[in-house]
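Everything in the sequence shown is counted per my numbering, starting at 4 for the first residue and increasing by one. Comments concern the structure below.
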Amino acid sequence: MKQKMQTIGGELKSQFKILAIAVAIFWIVFIVNTFVFGGRLNSLGILPQRPIGLRGILFAPFLHGSFYHLISNTAPFVVLGWLVMLRGINDFYFVSIISAVVGGLGTWLIGRPFSVHIGASGVIFGYFGYLLFRGYFEKSFIAIAISIVIATTYGGLIWGVLPTRAYISWEGHLFGFIGGIIAAKLLAPAKKESL
Numbered sequence: 004m005k006q007k008m009q010t011i012g013g014e015l016k017s018q019f020k021i022l023a024i025a026v027a028i029f030w031i032v033f034i035v036n037t038f039v040f041g042g043r044l045n046s047l048g049i050l051p052q053r054p055i056g057l058r059g060i061l062f063a064p065f066l067h068g069s070f071y072h073l074i075s076n077t078a079p080f081v082v083l084g085w086l087v088m089l090r091g092i093n094d095f096y097f098v099s100i101i102s103a104v105v106g107g108l109g110t111w112l113i114g115r116p117f118s119v120h121i122g123a124s125g126v127i128f129g130y131f132g133y134l135l136f137r138g139y140f141e142k143s144f145i146a147i148a149i150s151i152v153i154a155t156t157y158g159g160l161i162w163g164v165l166p167t168r169a170y171i172s173w174e175g176h177l178f179g180f181i182g183g184i185i186a187a188k189l190l191a192p193a194k195k196e197s198l
């Protein structure tokens, strides 16, 4: 029992460390971008339909346009990211990468011309899609319970995939969400019996 508690404690410590490092990177990049570069690093975001804009798939999740933008991405990144991580740290990395790549490519393909897309929200919507559809693909009690909890607590996020405001990257939200669903499908067969 003591060894099991130590193992759980070690896992929680690792999860906290990974999330803390990611959030620290968001904040450090924002501070440096704002106070050293005057926001010019935002040009490294996704620039739709422009070949150079593909680099934004790598950089966009770490860039935020304002303090409010950063704050509103930090909390859901930590909460939803941790829920994804409960399944395993490797799953967290897999879902993050799939969401960023699918979200970034989709945004690059259909995003509004002359726009710049930045922020971690595509990855966050990927976590949302993964957690919602994990129960559907796995059909395990725990996965379905988590899907129901996510639907009831974060269900309002779904409106973010619609073009409601010009300054919000609904394209990134939509394709990040789709990336999360793809990740749920790809991860489900190999881990049907695990949490």
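Backbone N, C-alpha and C define an ideal beta-carbon position, used for all residues, glycine too.
According to DSSP, residues forming a beta bridge with residue i
i             : result
histidine 120 : Ile49
Among the options, nearest to residue i - alpha-carbon criterion
i            : options                       : result
valine 98    : Ala186, Ala154, Thr110        : Ala186
leucine 135  : Gly91, Ile181, Gly114         : Ile181
leucine 112  : Val26, Gly183, Gly41, Gly56   : Gly56
aspartate 94 : Leu73, Gly107, Gly59, Tyr133  : Tyr133
serine 104   : Phe140, Gly125, Gln6, Leu89   : The sequence shown places valine at residue 104, rather than the serine named in the question. The option with the nearest alpha carbon to valine 104 is Gly125.
arginine 137 : Arg168, Leu165, Leu89, Leu108 : Leu89
Own chain partners of residue i with C-beta closer than 8 Å, once the 5 adjacent residues on each side are dropped
i           : result
proline 116 : Pro51, Gln52
leucine 86  : Tyr130, Leu134, Ile149, Ile153
serine 45   : In the sequence on display, residue 45 carries asparagine and not serine. So the list reads Asn36, Leu66, Gly68, Val119, Ile121, once near-sequence residues are dropped.
Limits of the unbroken alpha helix (DSSP H) element including residue i
i            : result
threonine 77 : 70–88
tyrosine 157 : 144–157
leucine 61   : 59–62
leucine 165  : Neither: leucine 165 is in no alpha helix (DSSP H) and is coded neither H nor E.
alanine 191  : Unbroken run through alanine 191: none, as it is neither H nor E.
serine 99    : 92–113
Supposed close pair residue i, residue j - CB separation, criterion 8 Å
i             : j                 : result
threonine 110 : phenylalanine 38  : At roughly 27 Å, the Cβ-Cβ gap does not stay under 8 Å, so threonine 110 and phenylalanine 38 are not in contact.
histidine 176 : phenylalanine 128 : 5 Å
Same chain only: Cβ atoms within 7 Å of residue i, ignoring 5 sequence neighbours per side
i          : result
glycine 48 : Gly59, Phe62, Ala63, Leu66, Val119, His120, Ile121
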